[in-house]
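Protein sequence lines, in the order shown, are assigned to chains A and B.
Everything in the first sequence is counted per my numbering, starting at 1 for the first residue and increasing by one.
Everything in the second sequence is counted per my numbering, starting at 376 for the first residue and increasing by one.
Number of protein chains: 2
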Amino acid sequence: ISVDLSRMDAILRVSPEDLDVTVQAGVRRKQLNEYLRDTGLFFPVDPGADATLGGMCATRASGTTTVRYGAMRENVLALTVVLADGRVIRTGTRARKSAAGYDLTRLFVGSEGTLGIITEVTLRLHGRPEATAFAVCAFDSLKGAVDTAIGTIQMGIPIARVELLDDVMVAAVNRYSKLELPEKNTLFLEFHGSIQGVAEQAATVQELALHNGGNDFRWSDREEERSRLWQARHDAAYACKALRPGCENWATDVCVPLSRLTEVITFIRAEADQSFLPAPILGHVGDGNFHMALVVDRSRPEEIAEAERLNRLLVTKALELGGTCTGEHGIGLGKMEFLELEHGAGIELMRTIKQALDPHNIMNPGKLLGPLTPL
Amino acid sequence: ISVDLSRMDAILRVSPEDLDVTVQAGVRRKQLNEYLRDTGLFFPVDPGADATLGGMCATRASGTTTVRYGAMRENVLALTVVLADGRVIRTGTRARKSAAGYDLTRLFVGSEGTLGIITEVTLRLHGRPEATAFAVCAFDSLKGAVDTAIGTIQMGIPIARVELLDDVMVAAVNRYSKLELPEKNTLFLEFHGSIQGVAEQAATVQELALHNGGNDFRWSDREEERSRLWQARHDAAYACKALRPGCENWATDVCVPLSRLTEVITFIRAEADQSFLPAPILGHVGDGNFHMALVVDRSRPEEIAEAERLNRLLVTKALELGGTCTGEHGIGLGKMEFLELEHGAGIELMRTIKQALDPHNIMNPGKLLGPLTPL
């Protein structure tokens with residue numbers, strides 16, 4: 001049995017003066033932000049796709065703006081959840097913080113539907129920045145681009161977005177979105193703040209980029225150009241698929257401590273360069289998170305095997321360096337073996353919780369924790 | 376049996392380049408910040424007391440800087456926990472975000488020792504700000520002071536601290552800490568950022584304060600004076616007790632949506648003014664959280680009853696307005712009845728989790744969820 005909440009698409013309440021909103025689970029993020037347009041507020045979490053907010057909670061989504069505004073984990077105040085036995089609970093209040101009992105909200109955020117069905121979501125909102133600046137910068141080396149992102153965070157600059165597209169990805173995006181970016185390792189940068197604050201942040205990052213071989217720093221004042229470039233960034237998955245018509249993306253999703261990011265990306269770039277699969281890289285590099293899109297023909301077992309081999313190499317390396325197998329895509333069916341590697345005995349605790357809350361294993365059975373024996 | 380972790384006080388690892396640290400549970404926050412002094416980093420969560428970091432995790436602590444840097448909830452990356460059956464688990468990695476399975480870290484943060492014993496903590500660190508500015512501002516009315524704090528947050532100003540001391544509290548603090556502050560409703564304000572950024576934030580807030588009847592805006596450049604005032608703020612609990620030697624503070628701890636804060640504070644101030652108990656108010660007003668310190672002689676049942684009456688009035692009002700019975704102090708034994716009021720059916724879910732993880736009820740039995748029948 002599958003459950004479809006997409007028609008539960010009502011925005012139930014907005015309180016601009018409290019910077020919060022309550023929506024039904026099927027509301028999509030673009031719908032919400034259009035609704036908020038006149039309030040001066042917005043909901044920042046941006047995974048690219050126009051996902052439902054219930055789905056974004058269930059998968060603990062994040063994305064391009066998480067480096068500044070946090071992930072779903074930080075931006076959900078409360079949930080309404082239908083439990084396996086039909087009880088309906090409310091997991092929190094509208095207070096911005098609370099020490100009242102177990103954090104049920106964050107237990108359900110990221111549980112991928114295996115503990116209950118999220119039906120309503122109360123979210124934190126943020127004020128639209130007074131000023132926004134956007135820049136694209138091409139670098140001589142992959143290392144220079146990644147080091148610039150890392151340095152920005154280490155310096156405490158509250159950058160709003162810092163996205164890496166490696167040279168392979170820029171080529172794919174140019175082709176798909178009809179752009180003419182230099183086909184080099186590139187950062188897309190966005191700054192939010194006061195007019196002065198944005199200028200100050202941007203000047204510091206530009207200096208850092210120059211130091212790291214980023215000579216080609218281009219500012220964009222025009223809203224239209226900026227939208228076009230972000231749209232191209234968000235269409236990157238399509239751009240990858242278009243490299244091989246009829247094929248699918250197999251996206252990796254590791255996230256590592258910042259200081260190890262350059263090492264992990266250059267390692268897997270070199271490995272992928274030896275592979276017969278196209279493998280563009282893009283990443284939320286300010287968080288230590290990136291994706292390699294392995295473009296595979298799923299009808300050919302040798303391609304699947306090659307994608308699995310590269311992904312296993314990458315995940316093993318990321319875990320060794322203190323990272324996680326998935327920064328934002330979740331476990332689902334595809335990453336269950338790595339969940340075990342990453343959590344060790346913790347996975348038994350997850351199973352105990354699952355069995356206590358859903359003893360008949362009716363909530364998204366088989367996902368995240370694998371087959372469970374109903375009690 | 377009680378467990379004392381205070382001698383587990385080793386700092387195990389610091390990675391300045393990753394802005395994180397791992398400590399044993401008995402390390403205290405001042406010890407950690409002294410250790411970090413040369414790195415340019417600090418751990419911001421500041422509940423006033425020099426608490427252990429394990430304890431701060433267990434109670435989901437927050438405090439004066441949470442308005443800018445978040446609470447323990449936002450600043451813990453991973454925990455090592457000893458479970459009731461003796462298994463030891465690690466709840467996360469050093470990655471800044473993850474979508475790998477249930478959020479065990481945040482299940483233990485705030486569980487008050489009832490699900491397991493936290494032995495090690497991996498924390499996020501933050502860069503020390505380039506510039507800091509500090510100001511004290513006295514207001515004509517309680518409403519003016521609270522409205523200024525609320526407006527600051529609504530405008531998106533990243534203020535580092537915004538603490539209210541009502542006139543009763545300022546009088547107590549003056550007496551205890553030998554200060555000469557005007558005995559009016561007062562905000563202590565702190566700004567962190569670049570030199571320009573701090574000046575800009577401070578100018579905006581000063582204008583807002585003036586608009587709300589805050590005519591007495593005093594800047595302090597001197598580190599010594601600033602430390603003396605923050606020390607006085609942190610000693611406020613002692614200042615309250617000193618109002619009636621031999622008595623104890625009965626501290627309330629509600630947290631409400633920002634727009635309701637003025638209503639709640641002025642409501643309970645008026646009620647307390649009719650009471651025979653001294654009742655100074657201080658608060659982390661940027662988060663919607665405040666404390667009223669009812670100074671009671673615990674040997675006199677009528678005083679306990681009066682404190683309970685005022686606290687019940689306040690909590691009932693806060694819950695009505697979408698708030699929580701405890702912003703940061705936790706449930707313990709004293710707030711169990713309100714946990715039930717606040718969470719409804721959610722409390723049954725908490726009991727289910729407790730019984731699944733600690734079937735023999737040996738972990739801090741009786742706290743938070745009350746007496747439970749061992750399975």
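Every residue, glycine too, gets a C-beta built ideally from N, C-alpha and C.
Note that the structure is predicted; figures quoted are calculated from it, not measured.
Partner residues on chain B for residue i, Cβ-Cβ distance less than 9 Å
i       : result
S111(A) : G476, Y477, D478
L357(A) : L724, T727, I728, A731
S2(A)   : The contacting residues do not exist; S2(A) stays about 21 Å from chain B at best.
Q154(A) : P391, E392, D393, L394, G502
R90(A)  : H718, G719, A720, G721
R87(A)  : A720, E723, L724
E200(A) : S569, Q571, G572
Contact test: residue i Cβ vs the ligand FAD heavy atom, cutoff 7 Å
i       : result
E555(B) : Of ligands this structure carries none, so the ligand FAD is not represented either.
Cβ-Cβ distance between residue i and residue j below 8 Å
i       : j       : result
I458(B) : I493(B) : Residue 458(B) is actually Leu in this sequence, not Ile. No, Cβ-Cβ distance for L458(B) and I493(B) is not below 8 Å.
A58(A)  : G92(A)  : no
L357(A) : L115(A) : yes
F418(B) : R435(B) : no
A426(B) : R87(A)  : no
V548(B) : A607(B) : yes
L656(B) : V545(B) : It is worth fixing the name first, because residue 656(B) is Ile in this sequence and not Leu. Result no, Cβ atoms of I656(B) and V545(B) do not sit closer than 8 Å.
G288(A) : A470(B) : yes
L747(B) : K729(B) : yes
I89(A)  : A131(A) : no
V254(A) : G323(A) : yes
F592(B) : N560(B) : no
D63(A)  : A25(A)  : The question names Asp, yet the displayed sequence has Gly at residue 63(A). Not in contact: G63(A) and A25(A) (Cβ atoms no closer than 8 Å).
G144(A) : G214(A) : yes
D103(A) : R448(B) : yes
L482(B) : G101(A) : no
D395(B) : P158(A) : no
A535(B) : H567(B) : yes
F276(A) : L229(A) : no
L123(A) : V76(A)  : yes
Extent of the continuous beta strand (DSSP E) to which residue i belongs
i       : result
I11(A)  : 11 to 15
D672(B) : Segment: none, D672(B) is in no beta strand (DSSP E) and carries neither H nor E.
L123(A) : 117 to 124
C512(B) : 506 to 514
A626(B) : 623 to 626
D103(A) : It is not in any beta strand (DSSP E) - D103(A) carries neither H nor E in the DSSP assignment.
G214(A) : From DSSP, G214(A) is part of no beta strand (DSSP E); its letter is neither H nor E.
G658(B) : 656 to 659
Limits of the unbroken alpha helix (DSSP H) element including residue i
i       : result
I353(A) : 346 to 357
C700(B) : Where C700(B) is concerned, there is no enclosing alpha helix (DSSP H), given that its DSSP letter is neither H nor E.
T114(A) : No alpha helix (DSSP H) contains T114(A), which DSSP labels as neither H nor E.
R637(B) : The question names Arg, but residue 637(B) is Thr in the sequence shown. It spans 636 to 648 - the alpha helix (DSSP H) in which T637(B) sits, taken as one unbroken run.
S227(A) : 223 to 234
E558(B) : Neither: E558(B) is in no alpha helix (DSSP H) and is coded neither H nor E.
R175(A) : 167 to 177
V463(B) : Note, V463(B): premise wrong, no alpha helix (DSSP H); beta strand (DSSP E) at 463 to 465.
I150(A) : 142 to 154
L716(B) : 711 to 718
Partner residues on chain A for residue i, Cβ-Cβ distance less than 7 Å
i       : result
T699(B) : T93, A95, S98, A100
G663(B) : A95, R96
Contact list for residue i against chain A, beta-carbon separation under 9 Å
i       : result
H586(B) : Residues of chain A passing the Cβ test: none, with the nearest at roughly 16 Å.
CB contact below 8 Å: residue i versus chain D
i       : result
L339(A) : Absent here is chain D; the protein component of the structure consists of chains A and B.
Proximal residues of chain A, C-beta to C-beta of residue i below 8 Å
i       : result
R481(B) : R73, D103, R106, L107
Residues that residue i contacts on chain B, provided the C-beta gap is smaller than 7 Å
i       : result
L368(A) : G476
Along the chain, which unbroken stretches of the beta strand (DSSP E) at least 3 residues long are found entirely within the stretch 4 to 83 of chain A? 11 to 15, 20 to 24, 76 to 82
In the stretch 242 to 267 of chain A, which residues sit with their C-beta less than 9 Å from some C-beta in chain B, listed in chain order? D253, V254, C255, V256, P257, L258, S259, R260
Please identify, using Cβ separations under 8 Å, the residues of the stretch 52 to 78 of chain A that lie next to chain B, in order along the chain. T59, R60, A61, S62, T66, G70, A71, R73, E74
Between the stretch 676 to 708 of chain B and chain A, which residues of the former have CB atoms less than 7 Å from a CB of the latter, in chain order? G697, G698, T699, C700, T701, G702, E703, H704, G705, I706
Of all the residues that make up the stretch 174 to 198 of chain A, which are near chain B by a beta-carbon distance shorter than 9 Å? G193, S194, Q196, G197
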